[in-house]
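Down below is the structure, laid out as structure tokens.
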């Protein structure tokens with residue numbers, strides 16, 4: 139039996155609720171009437187409407203609203219820098235006919251390279267990459283650029299003016315001038331042009347400081363031929379490698395840029411040029427919010443040389459290098475995967491003359507630590523030929539210092555060795571290397587393979603060797619730091635690595651005329 143009593147059913151309980159409700163309703167109605175009366179009074183003919191805001195409460199609210207700052211825009215910066223940006227138009231007379239498949243190979247990047255597959259050039263003929271034309275046809279191209287001095291020197295991309303027979307620029311005020319190409323640098327995709335016709339062009343300043351990730355950025359240019367377009371975003375990343383070359387050190391921005399923006403400036407909020415827009419990541423050909431700019435520091439160095447002598451000279455030590463992976467670091471007994479591994483020093487190059495050998499790891503230049511192979515290439519390439527440098531090198535597990543004089547980086551790429559496609563001709567079946575999943579034969583027994591090392595004659599597609607990229611025709615020159623000439627030499631080197639409790643063994647492999655080191659994991663047992 140419940141002791142609970144429902145008071146809501148009692149008359150004495152329900153009546154007070156109705157009374158309270160009536161009282162509240164009356165009070166509410168009274169306040170509404172009073173408010174209406176105040177409104178009528180405030181807007182009566184005998185009283186000015188501004189009297190409504192003359193009370194202390196309203197005045198305080200009005201003052202607070204005035205204190206609220208408007209959203210910060212970029213109009214002042216754009217007004218100041220936009221006149222320095224130009225539209226660059228070129229005429230290119232085609233010298234070769236289209237391919238049999240109808241595709242005109244106008245791309246400056248190697249077929250199959252990351253830049254060819256994933257990155258679209260923006261600023262090609264008619265503002266679109268890969269434009270086609272018939273034999274002898276004159277193709278028009280367009281891009282962007284900007285003045286860097288009042289006397290008409292301007293910066294754009296190499297791929298915008300590369301091969302141009304005629305270059306014209308249009309300034310922000312609509313005037314057109316003829317321009318001359320002073321010099322180009324394919325490795326950084328920069329070009330310097332000179333515009334004639336005035337000595338008082340508005341120009342932009344290249345920034346002295348490096349932008350931080352998250353800083354605002356303004357991209358100004360001529361996307362799709364639409365002159366004077368401004369977009370905004372932030373710096374998304376720095377030090378990007380997009381597979382264009384050993385000197386890649388791009389600033390990544392998310393300010394929308396498209397075909398035709400190429401060669402245009404990326405400004406910071408101080409109105410200084412932080413970079414030159416050169417490439418976009420675009421599966422579709424349009425902006426997806428990933429663009430890449432050449433840093434101002436690189437632009438300064440390259441432009442100074444182009445203006446002085448029309449070309450760029452870079453320091454060179456003559457080594458083929460590769461990154462130090464965690465597996466390679468473990469094989470070499472290194473605590474950290476840092477530095478640049480020398481795959482092969484070039485014969486008679488500065489490094490070879492200084493005693494640097496294959497398998498050495500360059501860890502510092504002039505006392506500054508080298509993070510990876512790209513950083514070494516950029517550091518050495520930024521020095522003039524003839525400069526003396528001090529390299530810290532890890533040689534056979536021991537640290538040593540090497541002094542050398544830099545040579546000059548050759549302008550042309552040396553021809554590679556003969557293709558290994560025929561390396562397997564005349565090869566014996568080979569001898570199996572247990573637990574690596576491949577068979578090898580002495581190189582001197584395989585036609586075209588040379589006299590050093592052993593040739594890979596077969597690779598198990600499910601093996602550790604296949605996972606590390608070994609293929610038929612590769613030549614193994616060293617295993618565990620020792621030269622090999624037979625399958626027995628390979629087995630002995632692997633056994634020695636196991637005895638030393640190594641998790642992997644380092645092999646120097648020659649493939650397609652290029653040498654590289656590969657760390658192959660060792661199976662247990």
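Residue numbers (the numbering used here): 139 to 663.
Ideal Cβ positions, reconstructed from N, Cα and C, are used throughout, including at glycine.
Same chain, Cβ closer than 7 Å to residue i, five either side skipped, listed in chain order
i: residue 413; result: 389, 404, 431, 432, 433, 434
i: residue 574; result: 601, 602, 603, 658
i: residue 535; result: 471
i: residue 460; result: 479, 481, 511, 654, 655
i: residue 332; result: 290, 291, 317, 318, 320
i: residue 426; result: 419, 420
i: residue 490; result: 456, 483, 484
i: residue 407; result: 215, 354
i: residue 621; result: 615
i: residue 186; result: Unreliable positioning characterises residue 186 in this predicted model, as indicated by a pLDDT of 46, which lies under 50. A coordinate reading is not provided.
i: residue 618; result: 631, 634, 635, 643, 644
i: residue 509; result: 476
Anticipated Cβ contact below 8 Å, residue i with residue j, distance rounded
i: residue 655; j: residue 479; result: 6 Å
i: residue 304; j: residue 396; result: The Cβ separation is near 24 Å, so there is no contact.
i: residue 373; j: residue 355; result: 6 Å
i: residue 384; j: residue 451; result: Going by Cβ atoms, the distance from residue 384 to residue 451 rounds to 16 Å, so no, they are not a contact pair.
i: residue 315; j: residue 335; result: 5 Å
i: residue 586; j: residue 623; result: That belief does not hold up - the Cβ atoms of residue 586 and residue 623 are roughly 17 Å apart, past 8 Å.
Residues sharing a beta bridge with residue i, DSSP
i: residue 533; result: 536
i: residue 278; result: 229
i: residue 594; result: 578
i: residue 306; result: 227, 316
i: residue 284; result: 223, 293
i: residue 324; result: Partner(s): none; residue 324 has no beta bridge.
i: residue 545; result: 454
i: residue 433; result: 413
i: residue 367; result: 359
i: residue 620; result: 617
i: residue 479; result: 460, 499
i: residue 372; result: 354
i: residue 332; result: 291, 318
i: residue 517; result: DSSP output for residue 517 lists no bridge partner at all.
i: residue 645; result: 617, 656
i: residue 405; result: 356, 411
i: residue 507; result: 502
i: residue 640; result: Looking at the DSSP assignment, residue 640 forms no beta bridge with any residue, so it has no partner.
CB of residue i within 8 Å of CB of residue j, strictly
i: residue 437; j: residue 544; result: no
i: residue 494; j: residue 540; result: yes
i: residue 400; j: residue 287; result: no
i: residue 614; j: residue 584; result: no
i: residue 576; j: residue 616; result: no
i: residue 391; j: residue 455; result: no
i: residue 295; j: residue 328; result: yes
i: residue 298; j: residue 284; result: no
i: residue 483; j: residue 496; result: yes
i: residue 542; j: residue 507; result: no
i: residue 393; j: residue 371; result: yes
i: residue 610; j: residue 597; result: yes
i: residue 337; j: residue 280; result: no
i: residue 386; j: residue 380; result: yes
i: residue 218; j: residue 409; result: yes
i: residue 593; j: residue 581; result: yes
i: residue 90; j: residue 223; result: Outside the displayed span of the chain (139 to 663) sits residue 90, for which this structure offers no information.
i: residue 278; j: residue 231; result: no
i: residue 342; j: residue 411; result: yes
Nonlocal neighbours in the same chain, by C-beta distance under 8 Å from residue i, ignoring five residues either side
i: residue 660; result: 573, 632, 635, 636, 640, 641, 642, 643
i: residue 445; result: 291, 320, 321, 330
i: residue 525; result: 453, 543, 544
i: residue 220; result: 310, 358, 366, 368
i: residue 548; result: 454
Contact set for residue i: own chain, Cβ-Cβ below 6 Å, skip 5 residues either direction
i: residue 649; result: 612
i: residue 607; result: none
Cβ pair count under 8 Å reaching 3, the region 309-324 against the region 439-448: These segments touch.
Given 8 Å, three or more beta-carbon pairs between the region 531-546 and the region 498-513: yes
Contact the region 357-369 vs the region 443-460: 3+ CB pairs below 8 Å: Fewer than three Cβ pairs drawn from the region 357-369 and the region 443-460 lie within less than 8 Å of each other, which leaves the two stretches out of contact.
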